[in-house]
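**Q** Submitted below is the structure of interest, expressed as structure tokens.
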Ligand SMILES: [Zn+2]
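See below:
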């Protein structure tokens with residue numbers, strides 16, 4: 006759930022006459038089929054989402070390099086059919102997060118209904134919708150939750166914040182494959198440092214000790230660098246480890 010500061014301009018295909026026509030059909034029927042679905046999955050939309058999200062899932066931060074992302078609707082299209090082609094309602098997600106989330110979208114406020122908004126009016130309106138509905142689901146383009154999320158060295162993600170807890174629960178962000186992948190990031194780094202620390206202990210020559218110290222420093226710098234490299238997987242996890250556990254590993 007890396008915070009996205011700027012989603013940039015609306016992809017052309019979301020502004021096209023054809024998309025407008027397709028949207029009108031969806032609104033009229035209040036339902037959609039695969040023909041309609043194609044219009045929020047156009048290449049320019051997927052490419053833009055991949056770029057903004059650095060090829061990572063909006064919810065779990067797993068790399069999407071191995072497959073083309075699912076275009077996920079923050080507000081489910083089955084309920085908010087008129088927002089099916091809204092730029093600020095589209096996020097890239099891995100198939101697991103997308104499936105887990107499904108149509109779940111719990112509110113603390115009052116649900117909005119369709120009020121004959123035009124296509125050009127619904128691309129940057131999320132803050133108005135959120136103010137009325139107060140959704141529990143985190144949106145990485147609106148909510149910066151970095152300081153509300155805690156991780157364990159075991160790769161588990163936790164939070165005391167109700168909205169974060171809801172999102173972790175709904176997307177199943179503690180599912181086995183994710184926990185293992187995050188744990189591996191920690192374990193690999195710790196193993197390398199521990200090995201160097203052992204070598205340091207048994208080293209007798211001053212120049213060898215100095216060399217080992219430099220290598221530990223290098224490993225640490227690389228880990229911190231990756232924690233701020235937007236293109237790397239599990240950025241929030243890496244930053245949390247750097248902040249909370251680095252001194253413990255280096256001790
Ligand atoms: Zn995901």
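In the numbering used here, the protein residues as written are 6 to 256. All C-beta atoms in this analysis are idealised placements derived from N, C-alpha and C, irrespective of residue type, glycine included. Model, not experiment: these values are computed from the prediction.
By the three-class DSSP mapping on this structure, what secondary structure does residue 86 have?
**A** helix
**Q** Following a CB-centred definition, is residue 177 positioned closer than 7 Å to any heavy atom of ligand 1?
**A** no
**Q** Whose CA, out of 89, 134, 41, lies closest to the CA of residue 81?
**A** 89
**Q** Specify, as a first and last residue, the run of the alpha helix (DSSP H) that residue 128 falls within.
**A** First-last for residue 128: undefined, no H or E at that position.
**Q** What residue from 117, 170, 53, 93 has the CA that sits closest to residue 84's CA?
**A** When each option's Cα is compared against that of residue 84, the closest is 117.
**Q** Can you give me the start and stop residues for the beta strand (DSSP E) that residue 164 sits inside?
**A** 162-164
**Q** Answer yes or no: the CB of residue 106 versus the heavy atoms of ligand 1, is any distance below 7 Å?
**A** With a threshold of 7 Å, the Cβ atom of residue 106 does not count as near ligand 1, since no heavy atom of the ligand is closer than that.
**Q** Excluding the five sequence neighbours on either side, which residues of its own chain have a C-beta within less than 6 Å of the C-beta of residue 172, listed in chain order?
**A** 142, 143
**Q** Check whether the Cβ of residue 64 sits closer than 7 Å to any heavy atom of ligand 1, and report yes or no.
**A** yes
**Q** How would you call residue 136, buried or exposed, if buried means at least 16 neighbouring beta carbons within 10 angstroms?
**A** exposed
**Q** Would you mind stating whether residue 221 and residue 199 have Cβ atoms separated by less than 8 Å?
**A** Taking 8 Å as the Cβ cut-off, residue 221 and residue 199 do not qualify as a contacting pair.
**Q** Run through the DSSP bridge pairs and tell me what residue 140 is partnered with.
**A** 112
**Q** Reducing DSSP to helix, strand and coil, say where residue 91 ends up.
**A** Residue 91: coil per DSSP, three-state reduction.
**Q** Short check: CB of residue 114 to CB of residue 57, under 8 Å?
**A** no
**Q** Should residue 69 go down as buried or exposed, given a rule of 16 or more other Cβ atoms within 10 Å for buried?
**A** buried
**Q** Can you list, in chain order, the residues of its chain with a C-beta nearer than 8 Å to that of residue 17? Leave out the 5 residues immediately preceding and following it.
**A** 49
**Q** Please confirm whether any heavy atom of ligand 1 lies closer than 7 Å to the CB of residue 169.
**A** For residue 169, the shortest separation between its Cβ and any heavy atom of ligand 1 does not lie below 7 Å.
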